[in-house]
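Notes follow the structure.
Protein chains in written order, with our numbering: chain A, 3 to 912; chain B, 28 to 238.
This is how it looks when you write it as structure tokens:
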């Protein structure tokens, strides 16, 4: 008997898991005689981690992820120059030296040729999967990109089930809410339109929802199929797909028309914290003071219009019609003197929702009018308008109600309308950014990234500043600087480091094949680098992606296994997985408001054992590439500035910056980051090095609950939320229309219609049904809606090749088949387990029928995004994929550049 | 002392974290799950509820699997844990037939997830469990080792069954049913916790909380 068998050496190595954007979560990897054998919660941090140091099902797959024999085990180069699904790439292994030389040579050639091509597009493109995740694994690669110069990060990996796209853009605009969360710990009533946080919210999401249910929170779930989150709800309302806006509008109607809003709404909040009293002129723009340009309100005491910030105005009118004088300022600074009848924005809102009755919505959404009225009443009763709560010695309004929206609801056409109505429902009862209401979770477009409250700065008209992309004649970005054209087409996308990832993700793919009129012809990037992404699966209309991939001249893929995108690559660089590489990452604070950390700090991910294959830490790859490309000093300076790590290496009283010309290994870089990070966050009181983090895993400082709520910051700065009237959106829409039309561009006109000051209902389902006629088919041939839904076991995890995940996922209905309503299926002669074909106007997919009661009769549900044909193991799962039958179509693209996961389909037994 | 468990179905979201944590803790071969969470529906559209029901050995006070075992391999400890002495088990399957909860798993061969065992499967496998009946042990090794260190099962992580430790919804509570100060005893005592299939008279040590 050998010694290790007799007394195995057990180590427990602390790391973090960030396989979904609900992370990072903290765990320990159990290492037995040098072999990782398991994962367990990190109970050492149970007091600090909001979910007691637990990790979810995906983290338990990390050990198999490490040892998976189907991994790419060494760098490989393509030997078959023909790129096609039916062409074996002919991978040949090469050394890391050879692989990095090959990539560096390509990159040097780009620099020699010029960083931007003749069409104005960057020659280098880089795509990372699920924008919230990659930074936790990129090491210092972002510093290399910062050193590079112009590059295109807008060739998207898809939106749909992964993304809340419209919510991101409008949410940050209205209340610094990249995503919107209920303040669950203090909330009593949630209306959830398809929000599936028990599948997508990670450990902390499940934990906080379970705690809330246990204390009596009432949760009403409106969605076409009964999701994981719906299972825990007190009530399921099976709403027709893409009609959520109608129900939301009817809720506004019920509150504003059928109740006495003076008694049920938070009138002081509307008067002082929103633009409700701002007078709107006949031209649809705010009536402004001719001298100062400030919007005017009607002072009920003095019976005249006064600037909105006049301190003497105690009672601004919310309703009524008044004769007043001033100017309206429209698009491109067009001023119009007005002396006419004007009405407050709130009055306009009341009139706007008057026709959206519950009976009207019932017809559209298949939700009884009585249900809508009851829900409106429950919402108002639970809102407790006037109540307060004390937190850390400070008294806040307490409005324990929230409306949450899921993906597909927030994505694509209807997303603006739903986001607007939801935020307005909060504002009506003062439940915006206060305890119990809805909160923004983090900021991505505004800065500073680590502090949502500090991102609040005074902007125009008493609202917050927002770095919108300019639409004026002088400043508009007429020629796209990247292929998704976010600066040119989407003012709300702003221009932050995240904006490229938040632009119209599918436009590059669409335009590469179907270039629009009067538009710089899209070019392929000379070099495309991809990491933790598989766009050939995660985009709609995956066939189109593959057609384009065949043409990409050089693709370098950081690869875990062979997959459907890197099949078309020229160079595979084996990915160092979660348990094989080193990185310090920020935890807690306002960056993760939704998780309700009471701390802020840093956590380390580290190699838990010797890597089983020839992988390399991404930090070392970045350093090596920087040196070989001739950018070492620029790269080191970017590291010193904190690019990627978010920590400048020099600060008050410390300097851990790296001298030019050095070639530091990953451990040295991260040791410096550890020291700077702890010095910085502790105000110089503490310093911990890499060895300390390797032993302890994480380090914290307290984080006050008051920092969750924008309310006090807004009050302190005298700012208002830009609701209900969207004057700025209307103006930017008119200006954008003018700019595009000046260039002869008409193909974005439908999108321009979205820029409405008070959004109206459009027949959103009909937009998708219209794809049938566009492809020469009859919409009546496709009576079902194919939808997708989140799988907790798979979402974001890059883990479809792990059989242990499939083994446990099979216990959750919907995996490895398509869910259908039992009676609807039986009418078609479909029994449970039958192989069925799902046909859309543009494609077909197949799967086994899973008959359920919790599905609308006109709906089919295929989880996540599958359709793999190259990825080991996943290619044998037999999962149908919505993306195979969806259409990547400008007509299905909204003004923010997003679409949604729904397709009209026919279902038949094979 | 009688070890027991209360599972709050109202908290469970069917994530299968307990399932996979158990598989890893016990080095189970591919396809074997000593516990899993069933995805159930009650009612008909549109009046339907979706319920997640964790299933496992109930560690019954009157376990039908024990008396039917011809070799004495199937045993119940004094502390209530029902387990299999692998050296005595011949894999006849009588106990599996007797168990009304389908909580026993006969492992015929050492099957990994890939063509060849991975280093972790090699290091974590249990050759002695092939050809014998296996089942949830309430993590008796953790419980025993923890108690030997003076730890309290159900309170201290290192003495608590892995499913309860791993559960991200706080749905699984473990402890001594005979200790009136324990959470499990208190949850059972308030009368809302129910056993599955009480009509079969097995007196389970696993209880469920539901609406």
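Every residue, glycine too, gets a C-beta built ideally from N, C-alpha and C.
How many angstroms separate the CA atom of residue 826 of chain A from the CA atom of residue 794 of chain A?
So the two alpha carbons sit approximately 27 Å from each other.
May I ask you to report which of helix, strand or coil DSSP gives residue 3 of chain A?
Because residue 3 of chain A carries a pLDDT of 38, less than 50, the predicted location of this residue cannot be relied on, and no value is offered for it.
Write down the C-beta distance between residue 702 of chain A and residue 602 of chain A rounded to the nearest angstrom, noting that I regard them as a contact closer than 8 Å.
Confirmed, about 7 Å.
DSSP puts residue 194 of chain A in a beta bridge; with which residues?
The partner list for residue 194 of chain A (beta bridge, DSSP) reads A/223, A/406.
Following the continuous alpha helix (DSSP H) through residue 107 of chain A, name the residue where it begins and the one where it ends.
98 to 115 is the span of the alpha helix (DSSP H), which, as asked, contains residue 107 of chain A.
Give the interface partners of residue 230 of chain A over in chain B, defined as CB-CB distance under 7 Å, in chain order.
Correct list: 40, 41.
At a Cβ threshold of 9 Å, is residue 3 of chain A touching chain B?
Per-residue confidence for residue 3 of chain A stands at a pLDDT of 38, beneath the threshold of 50, marking its modelled position as unreliable; the derived number appears in the next sentence. No, residue 3 of chain A lies away from the interface with chain B (no Cβ there is under 9 Å from its Cβ).
Inter-residue Cα distance where the pair is residue 5 of chain A and residue 130 of chain B:
The predicted model places residue 5 of chain A with a pLDDT of 42, which falls under 50 and marks its position as unreliable; any figure quoted below should be read in that light. Spanning the two alpha carbons is a distance of roughly 36 Å.
Cutting at 6 Å between CB atoms, please list the residues of its own chain near residue 556 of chain A, excluding the five before and the five after it.
Around residue 556 of chain A: 108, 529, 572.
Pairwise C-alpha distance: residue 40 of chain A and residue 22 of chain A:
Roughly 20 Å between the two C-alpha positions.
For residue 434 of chain A versus residue 471 of chain A, is the C-beta distance shorter than 9 Å?
No.
What ranges does the beta strand (DSSP E) occupy inside the stretch 490 to 561 of chain A, keeping only unbroken runs of at least 3 residues that lie completely in it?
You should have 529 to 533, 557 to 561.
Residue interval of the alpha helix (DSSP H) (run including residue 30 of chain B)
It is not in any alpha helix (DSSP H) - residue 30 of chain B instead sits in the beta strand (DSSP E) that spans 30 to 35.
Which residue wins for smallest C-alpha separation from residue 635 of chain A, given the options A/61, A/714, A/150, A/768?
Residue 635 of chain A has its Cα closest to that of A/150, out of A/61, A/714, A/150, A/768.
Tell me the DSSP secondary structure of residue 57 of chain A in three-state form.
Of the three classes helix, strand and coil, the one that applies to residue 57 of chain A here is coil, per DSSP.
For the stretch 69 to 90 of chain B, list every residue whose C-beta sits within 8 Å of some C-beta in chain A, in sequence order.
Correct list: 70, 71, 72, 73, 75, 76, 77, 78, 79.
Buried or exposed by the 16-neighbour rule on C-beta atoms within 10 Å, applied to residue 90 of chain A:
With fewer than 16 other CB atoms across the displayed protein chains lying within 10 angstroms of its CB, residue 90 of chain A is exposed.
Does the stretch 519 to 539 of chain A come into contact with the stretch 846 to 854 of chain A, if we say contact requires no fewer than three beta-carbon pairs (one atom in each stretch) closer than 8 Å?
Result no; under three Cβ-Cβ pairs closer than 8 Å.
So what does DSSP say about residue 128 of chain B, is it helix, strand or coil?
Of the three classes helix, strand and coil, the one that applies to residue 128 of chain B here is coil, per DSSP.
Closest Cβ-Cβ distance between residue 66 of chain B and chain A: below 9 Å?
Output row for residue 66 of chain B: interface = yes.
Alpha carbon to alpha carbon, what distance is there between residue 68 of chain B and residue 423 of chain A?
Each residue's Cα considered, the two are about 33 Å apart.
Can you tell me whether DSSP reads residue 563 of chain A as helix, strand or coil?
In the three-state scheme derived from DSSP, where H, G and I count as helix and E and B as strand, residue 563 of chain A is classed as strand.
Where the alpha helix (DSSP H) containing residue 766 of chain A begins and where it ends:
Residue 766 of chain A -> alpha helix (DSSP H) spans 766 to 776.
C-alpha distance - residue 332 of chain A paired with residue 475 of chain A, whole-angstrom precision
Their Cα atoms are separated by approximately 14 Å.
Which listed residue (A/148, A/819, A/158) has its alpha carbon closest to that of residue 878 of chain A:
Of A/148, A/819, A/158, the residue nearest in Cα terms is A/819.
Taking only beta carbons into account, state which residues of the stretch 105 to 132 of chain B come closer than 7 Å to chain A, listed in chain order.
Flagged: no residues at all.
If we cut at 9 Å on Cβ distances, does residue 565 of chain A have a partner in chain C?
Looking at the structure shown, chain C is missing, and the protein chains on hand are A and B.
For residue 418 of chain A and residue 895 of chain A, the rounded distance between their alpha carbons:
Each residue's CA atom was taken as its position, placing residue 895 of chain A and residue 418 of chain A some 12 Å apart.
In its own chain, which residues sit with a C-beta less than 7 Å from the C-beta of residue 870 of chain A, not counting the 5 before and 5 after it?
Excluding sequence neighbours, residue 870 of chain A sits near 539, 566, 802, 876, 877.
Give the straight-line distance between the Cα atoms of residue 868 of chain A and residue 677 of chain A, rounded to the nearest whole angstrom.
So the alpha carbons of these two residues sit roughly 42 Å apart.
Per-residue contacts from residue 52 of chain B into chain A (C-beta, under 7 Å)
Those within 7 Å of residue 52 of chain B in chain A are 40.
Nearest CA to the CA of residue 177 of chain A: which residue from A/466, A/47, A/375?
Each of A/466, A/47, A/375 was checked against the Cα of residue 177 of chain A, and the nearest Cα belongs to A/466.
Taking C-alpha atoms, which residue in A/328, A/271, A/319, A/278 lies nearest to residue 285 of chain A?
For residue 285 of chain A, the nearest C-alpha among the options comes from A/328.
Using a Cβ-Cβ distance cut-off of 9 Å, determine whether residue 789 of chain A contacts chain B.
False, the Cβ-Cβ gap to chain B never drops below 9 Å.
Is residue 103 of chain B close to chain A, meaning its C-beta is less than 9 Å from at least one C-beta of that chain?
Output row for residue 103 of chain B: interface = no.
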